[in-house]
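Participant:
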Amino acid sequence: EGDQRHILQNLFISSFKLHSSVTRIQVPMMGFNYSFAHMCILKDDKMCALDDIVQVLEELRAARAMNRTGIIINYPNTYLRDGQEVFIGHQLGGVMLQSKDRVKSARAVQITYYLQTRNSLSDLVAEKWESAFCETVESFQKSNKELKLYPFTSSTLREDFQKTSQVSECSHGLV
């Protein structure tokens, strides 16, 4: 059981490290460096729309930084520190449960980055950002050989479903 928890923690730590690298990507265009924060789809509170699993990863990272343990992740719904219930069923794959709904291990994490495209300039910046995203993931893969990373980009829901179904057959991966 301890070994499974260690593998799960490492998967989540690696996922958060990769997420941090992705959000720091800078794309120079017309004298300005565009980051994910400039390109993301915004929620009502003007924050970037991110998958709920990112909040779970941030809470795990913060707990680890404070040497706190015992954070429980349930599946397919889990609870954030503030008591908010979030659905992560589509963001974790290969899940093994310890009890009724408590995650013992997971073989995959999927994080989706939602970019807005308002005009031809933002389309061009998004295209360059997606290329930099793939390069960032490939570079991360080289220094984290125990993981299998599958970066992909899509501009339509149909394309996304097709690519996701191909990747879903893989194991121990971050998408």
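Position 134 of the sequence shown, counting from 1, maps to 120 under my numbering, and the rest follow consecutively.
Beta carbons: idealized from backbone N, C-alpha and C, even for Gly.
1) Using 8 angstroms as the threshold, is the C-beta distance between N60 and D87 below it?
2) Would you please state the rounded distance, in angstroms, between the beta carbons of V8 and F119? I believe it to be under 8 angstroms.
3) Would you say F18 and C34 are within 8 angstroms of each other, going by their C-beta atoms?
4) Identify whether N63 lies in helix, strand or coil by the three-state DSSP scheme.
5) For a quick check, are the C-beta atoms of I39 and V95 less than 8 angstroms apart?
6) Classify F73 as helix, strand or coil using the three-state DSSP reduction.
7) Based on DSSP bridge pairs, tell me the residues matched to G79.
8) What separation, rounded to the nearest whole angstrom, lies between the Cα atoms of L135 and P62?
9) Exposed or buried, which one is S6 when buried takes at least 16 other CB atoms within 10 Å?
10) How would you label I27, buried or exposed, when you count the other beta carbons within 10 angstroms and need 16 or more for buried?
11) Sort L83, K114, I(-1) by Cα distance to A51 and report the nearest one.
12) Let me know if F73 comes out buried or exposed under the rule of 16 or more other beta-carbons within 10 Å of its beta-carbon.
13) Report back the beta-carbon spacing between M165 and K114 to the nearest angstrom; my notes put them in contact at under 8 angstroms.
14) Which residue from L110, D37, I97, N105 puts its Cα closest to that of V13?
15) Going by C-alpha to C-alpha distance, which of L101, L(-6), K3 sits closest to Q127?
16) Just curious, the alpha helix (DSSP H) that M15 is in, first and last residue?
17) In angstroms, rounded to a whole number, what distance separates the CA positions of S106 and F138?
18) By the DSSP assignment, the alpha helix (DSSP H) with F119 in it spans what residues?
Facilitator: This is what the structure gives:
1) yes
2) 6 angstroms
3) no
4) strand
5) yes
6) strand
7) A94
8) 22 angstroms
9) exposed
10) exposed
11) I(-1)
12) exposed
13) Past the boundaries of the shown model lies residue 165; the chain is included only from -13 to 161, so the question cannot be answered.
14) L110
15) K3
16) Per DSSP, M15 belongs to no alpha helix (DSSP H); it is in the beta strand (DSSP E), 13 to 15.
17) 22 angstroms
18) 106 to 129
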